[in-house]
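Engineer: Counting from 1, position 487 in the sequence shown corresponds to residue 1633 in the working numbering; the numbering is continuous, with no gaps.
We put the CB at the ideal spot given by N, CA and C, even for glycine.
Predicted model only: the values in this text are computed from it and were never measured.
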Amino acid sequence: MKSKNLFTHVFTLILIFLFISAASVSCQITRYGEKDTSETGEAGNMNEADNQLQEQAGEKSEDETEEITTVNLWISDLIPEYISAEVRNELSKVFDEIILADEKENSDVWVEIDISSKESEIGWVLVPVVSFFRSFDDISYENIKEFWAGNKEVLNYISIDVSEPELIVTEEVFKVLEKIFGQKENENIKIASTEELSLNIEKNNSFSIIPFDNIEKEYKVLNLDEMSVFDKDLDINNYPLALNISLGSNNPDFESKIAESFSGVTITNRDMEKIASVIMTGVTAIVRQVARRIESDGVLSPGEKIAEVLRDADITHISNELPFVEGCTGTRPQGLIFCSSPEYIELLRYVGTDVIELTGNHMNDYGHEWMNYTLDMYDEECWPYFGGGRNLEDSYEPATFEIGSNKIAFLGANTFGPASNWATEDTPGSARINVWGEVEKEEDMRKFEAIIKGLKKEGYIVIFTFQYEETYSYTPTEVQIADFRRIIDAGADIVSGSQSHYPMGVEFRGDGFINYGLGNLFFGQQLAILGNNPGIIAKHIFYKGKHINTILITTMLNDFSQPRLTTPEERIELLNSIFAGSIR
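(1) Skipping 5 residues on each side, what residues in its chain have a beta carbon closer than 8 Å to that of G1550?
(2) Going by alpha carbons, who is nearest to N1560 out of I1306, E1503, E1236 and R1710?
(3) Between the segment 1256-1268 and the segment 1223-1232, can you find at least three pairs of beta-carbon atoms closer than 8 Å?
(4) Are N1351 and E1312 close, meaning C-beta to C-beta below 9 Å?
(5) Near I1413, what residues of its chain come up, given a Cβ to Cβ distance below 7 Å and the 5 sequence neighbours on each side ignored?
(6) Indicate the three-state DSSP secondary structure (helix, strand or coil) for M1373 in the structure shown.
(7) Would P1469 and T1520 be called neighbours here (beta carbons separated by less than 9 Å)?
(8) Could you work out which residue in R1478, N1722, Y1542 and Y1490 is closest to F1532 when comparing CA atoms only?
(9) First and last residue of the beta strand (DSSP E) that includes H1647?
(10) Would you mind sorting A1405 into buried or exposed? The rule is 16 or more other CB atoms within 10 Å of its CB.
(11) Under the rule that 16 or more other beta-carbon atoms within 10 Å means buried, what is I1285, buried or exposed?
(12) Taking the alpha carbon of Y1662 as the reference point, which residue from G1691, K1685, T1621 and K1692 has its own alpha carbon closest?
(13) Using a Cβ-Cβ cutoff of less than 8 Å, which residues in the same chain neighbour S1619 once the five nearest sequence positions on both sides are dropped?
(14) Between S1392 and G1506, which are expected to be in contact by the criterion C-beta below 8 Å, what is the C-beta distance as a whole number of angstroms?
(15) Kindly give me the distance between the Cβ atoms of V1217 and L1246, rounded to whole angstroms, as I take these residues to be in contact under 8 Å.
(16) In this structure, does DSSP put Q1671 in helix, strand or coil?
(17) Run through the DSSP bridge pairs and tell me what P1544 is partnered with.
(18) Would you tell me roughly how many angstroms separate the C-alpha atoms of T1477 and F1612, rounded to the nearest one?
(19) What three-state label does DSSP hand M1509 in the structure shown?
(20) For the pair the segment 1586-1601 and the segment 1627-1641, tell me if three or more CB-CB distances fall below 8 Å.
(21) Which residues does DSSP pair with P1274 in a beta bridge?
(22) Quick check on G1605: does DSSP put it in helix, strand or coil?
(23) Start and end of the alpha helix (DSSP H) containing A1555?
(24) Of the choices L1711, F1706 and T1712, whose alpha-carbon is the least far from that of T1433?
(25) What are the boundary residues of the alpha helix (DSSP H) that includes M1523?
(26) Could you check what DSSP says for G1190 in three-state terms: helix, strand or coil?
(27) L1142: buried (16+ other C-beta within 10 angstroms of its C-beta) or exposed?
(28) Apart from the five residues on each side of it in sequence, which residues of its chain come closer than 6 Å, Cβ to Cβ, to L1721?
(29) Taking R1438 as the reference, give the member of G1681, L1711 and F1668 with the closest Cα.
(30) Excluding five sequence neighbours on each side, which residues of the same chain lie with their C-beta closer than 6 Å to the C-beta of D1500?
(31) Using three-state DSSP, classify I1285 as helix, strand or coil.
(32) With DSSP run on the structure shown, which of helix, strand or coil describes Y1490?
(33) For I1694, I'd like the list of residues in its chain whose CB is within less than 8 Å of its CB, leaving aside the five on either flank, ordered along the chain.
(34) So, are the CB atoms of V1275 and Y1385 less than 9 Å apart?
(35) Note down the Cα distance separating G1681 from A1453, rounded to an integer number of angstroms.
(36) Just grab the DSSP bridge partners of P1226 for me.
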């Protein structure tokens, strides 16, 4: 009986213990899951803190998984369409959907010109231009501002007659300049279409401001505050008409997306990776006065005043008309039989030679052996050559280069002879166009026309040089005009006369440019008609596979042996003479 009662008591105690334990667990679950506010004191406060931490953890997890995929984008109507398209393309890499907003206030991200900023991944460069046939080179940014504000006289140096200067711009550029300078106060600022602009820029009193990527070869691009927009070393942030385009947002999440999208990206209408420059020079013949200067003042002395100019290009062309001959007495040549001492090649190195033209009519003056010797020297320098070679087939080979996105080919021919100077199937010499026989000339011209067309199909910019009949005039002859034009019409981008000891006029024909003659570089002539031996160094600018501009650098020869840049007065006089001899 006692054991039965004991068993009953023990069993009852176990049931009571299980009931209390279950109630305790139930309370714990309720507090954790349902935030039971009936609990008070320290334990209650701890539970409330636990609940807040759990909520924060849950929210963070949701943010981490949520992805921004849509953006409302506003782009100022002052932004050029091609830049707008590139911006949208970059943003599309981090956003699934881009919705264009009508107003800046309704956007998440906006794009606009920021005239207060000097650093941005996006830039738009404007340049001042006049007609190619103008003899001044510089303009002041402050003068442009004053002109915009109403001062009509401040730019009188632009006009070459009594008429008032005019600024002619497209509506797109006008709106941008209005943002920079404010409302115009000058009635001589006019808006024109792109087509009208090209015609109006020919006026003697007009200038324009255009986007860099709208530069045409018929324009002269003015230096702005003595800065050339073609200078590869130019700090574009210091160029007054280099405008920055900013992307903005008030949302940090969008800002991080923008930063991700534009990391390492640059959008500009002046991409220096796509610009190339070529310097073309006239006659080089290191003999007579030039050789005497070398013997008296050192091999580099003829180039000391011009070397920096010649080296300032991606490709520097030298038309060296003479062979190098050991034991050459170039200071006292035998009549018109010319040669240069092999040591003189150091002068060509010094001025930055990259490519050699062989069309000169003295290449075989000392026989085939010394022309081959000269070609061996060029091969050792790794200088490609054109317009001549070790045999007839070699003479037709172009010298080709790739500078960024620009493929450039040099091709040339000698029309004047003598026949002994022309390459044959087995002997070296210059490439020929035999103008002394009608049938032969036609065959030779067609040969070069076919080569040019083949190069154009391969995407090359073609520069063709002629060793033509020498004339001492700024104006080309009728036959010269016809032959140079024929090569342009075959597809050459530039035709340049290497024969002339006198600078000659130019011509724009279709999409091509003709320099009828450049004059002397390293060659002196004691002819009264030449005065102080003027010359031209033509600097051609290419952008995205297109010839966009040519700068005529004017020179004079000191003592018939050392080229130098002209003085400002000499430059104006020489350019006006060249333009007077040009075909317009």
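Structural biologist: Well, looking at it:
(1) E1419, K1420, I1421 and A1422
(2) E1503
(3) yes
(4) yes
(5) I1229, E1232, V1233, E1267 and I1268
(6) strand
(7) yes
(8) Y1542
(9) First-last for H1647: undefined, no H or E at that position.
(10) exposed
(11) buried
(12) T1621
(13) Y1648, M1650 and G1727
(14) About 55 Å separates the two Cβ atoms, so there is no contact after all.
(15) Contact flag wrong, Cβ pair sits at about 10 Å.
(16) coil
(17) BP columns for P1544 are empty, so no partner.
(18) 27 Å
(19) coil
(20) yes
(21) I1355
(22) coil
(23) Careful: A1555 lies outside any alpha helix (DSSP H), inside the beta strand (DSSP E) at N1552 to N1560.
(24) Inspection of the sequence shows that residue 1433 is occupied by Val rather than by Thr. Ranking L1711, F1706 and T1712 by Cα distance to V1433 puts F1706 first.
(25) H1514 to E1527
(26) Caution applies to G1190, whose pLDDT of 44 falls short of 50 and renders its modelled position unreliable; the value that the coordinates give is listed next. Reduced to three states, the DSSP call for G1190 is helix.
(27) One cannot answer for residue 1142 here, as it falls past the ends of the chain, which runs 1147 to 1730.
(28) S1281
(29) F1668
(30) I1461 and T1462
(31) strand
(32) helix
(33) I1361, E1362, K1363, I1687 and F1688
(34) no
(35) 15 Å
(36) The partner list for P1226 (beta bridge, DSSP) is empty, contrary to what the question assumes.
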